[in-house]
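For the sequence shown, the numbering used here begins at 3 and goes up steadily by one.
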Amino acid sequence: MAAVEKNNEDSEEKAGFGKGAGFEKKAGFEKEVRELVETGYSGVEEAILACKNCPLHETATNKVIGKGSRTPKVLFIGEAPGKNEDEKGIPFCGRAGKELDKMLEYMKLSEEDWAVINTLKCRPPENRNPKKSELEACKPFLAAQITLLDPKVVILLGNTAEKAYCPGKKMEWGVPEKIDGRKVLKIYHPAALIYTRSRIETQHALIDKNRGLWE
């Protein structure tokens with residue numbers, strides 16, 4: 003992934019989270035994110051690759067950082083890498099990726115319009131749900147990525163992304179909210195559409211009523 007160059011003035015402004023994420027800001031969190039942001043996107047990538055903040059790095063084949071535009075209108079946030087993603091180091095490259103591609107086409111987003119990242123950068127064993135401690139370990143990286151990419155809209159793909167982005171908050175499906183100055187929307191994770199095909203029509207309805215957020 004190409005590096006994003008940001009000057010220090012921009013980095014400090016973004017790291018203040020005036021247009022940032024809805025994260026719970028624990029002691030030292032903003033300082034850690036600011037330091038990451040000041041290194042630019044390539045620095046965040048390097049920090050993720052070197053991370054040993056939780057045991058998941060011991061079983062991961064590859065860290066999965068993200069893919070897509072460096073100036074996206076829409077930033078999708080998924081859950082955690084699966085088997086295919088872990089093997090290739092690329093998010094949404096398996097069956098869920100094919101569903102995501104269909105969704106991007108339905109949303110009429112070009113390659114320059116979107117990016118996708120995950121709440122976790124390492125695959126949990128057996129694709130189990132992420133633990134709270136693992137989400138916390140990855141949260142500074144997630145916040146730094148959002149701050150640097152600075153999307154117009156954040157789309158949370160499912161409940162795990164919601165738990166990471168806005169802990170303790172329960173958003174309604176397809177009902178946008180403004181969190182710390184940024185528009186945020188929750189829709190179904192593409193994997194959910196694989197196993198429950200009836201949700202595709204519902205997903206399309208959620209997208210249709212929110213097109214104004216990115217068009």
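Glycine included, every Cβ here is placed at the ideal spot set by N, Cα and C.
Please read these numbers as outputs of a predicted model, since none were measured by experiment.
query                                                                                                                                                  : result
Under a Cβ-count criterion, where at least 16 other Cβ atoms within 10 Å of its own Cβ denotes burial, should Gly-214 be classed as buried or exposed? : exposed
Check whether the Cβ atoms of Leu-195 and Ile-202 sit closer than 8 Å, and answer yes or no.                                                           : yes
In terms of alpha-carbon separation, which member of Phe-143, Ala-52, Tyr-167 lies closest to Leu-187?                                                 : Tyr-167
State buried or exposed for Lys-171, treating a residue as buried only when at least 16 other CB atoms are found within 10 Å of its CB.                : exposed
Excluding sequence positions up to five away, which residues of its chain have a Cβ less than 8 Å from the Cβ of Lys-211?                              : Gly-176
From Ile-92 to Leu-150, what does the alpha carbon distance come to, in whole angstroms?                                                               : 19 Å
Identify every residue that forms a DSSP beta bridge with Trp-116.                                                                                     : Val-76
Mind the definition here: the stretch 79–97 touches the stretch 60–67 only if three or more C-beta pairs lie below 8 Å; say whether that holds.        : yes
Just list the residues that DSSP pairs Glu-179 with in beta bridges.                                                                                   : Val-186
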